[in-house]
Amino acid sequence: MGIDKESELAANLQIGPTSLGMVRIYVEGEGIDLPMDFDPDEAEEIAEEIRAAAAQARAIGEKAAKPGKKDRPRG
1 MGIDKESELA ANLQIGPTSL GMVRIYVEGE GIDLPMDFDP DEAEEIAEEI RAAAAQARAI
61 GEKAAKPGKK DRPRG
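Counting along the sequence shown from 1, when you hit position 60 you're at 60 in full-length UniProt numbering, and nothing is skipped either side.
If you want it as structure tokens, here you go:
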């Protein structure tokens with residue numbers, strides 16, 4: 001499965017600090033129990049990557065929502 005492939009899998013995602021000063025991303029679902037710990041700097045880098053991906057996805061969605069020249073109504 002790639003990053004741009006749809007999936008029927010469902011999972012819960014939890015994010016929070018650990019008692020050892022790490023940031024834990026915890027993924028739980030059918031057959032999945034995945035705790036991932038990151039130091040705060042790594043967690044901030046991940047957050048930046050998520051923000052950048054969200055901005056790219058928003059731009060793609062806005063571009064797809066705009067009608068092309070062929071689709072514009074003429075009046």
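Here a beta-carbon is modelled for each residue, glycine too, at the ideal position from N, C-alpha and C.
In the DSSP output, which residue or residues are listed as bridge partners for residue i?
i   : result
R24 : G16 and D37
I32 : G29
Nearest to residue i by CA position, among the options, is which residue?
i   : options               : result
Q14 : G2, P35, M22 and E8   : P35
D4  : E30, N12, E45 and A53 : A53
Would DSSP call residue i helix, strand or coil?
i   : result
G61 : helix
A47 : helix
A55 : helix
To the nearest angstrom, report how far apart residue i and residue j are at their CA atoms.
i   : j   : result
D28 : A10 : According to the sequence provided, residue 28 is Glu. The question's Asp does not apply to it. In a straight line, the C-alpha of E28 is about 9 Å away from that of A10.
V23 : I50 : 15 Å
I60 : N12 : 26 Å
P17 : P67 : 44 Å
G2  : G21 : 32 Å
I32 : E6  : 18 Å
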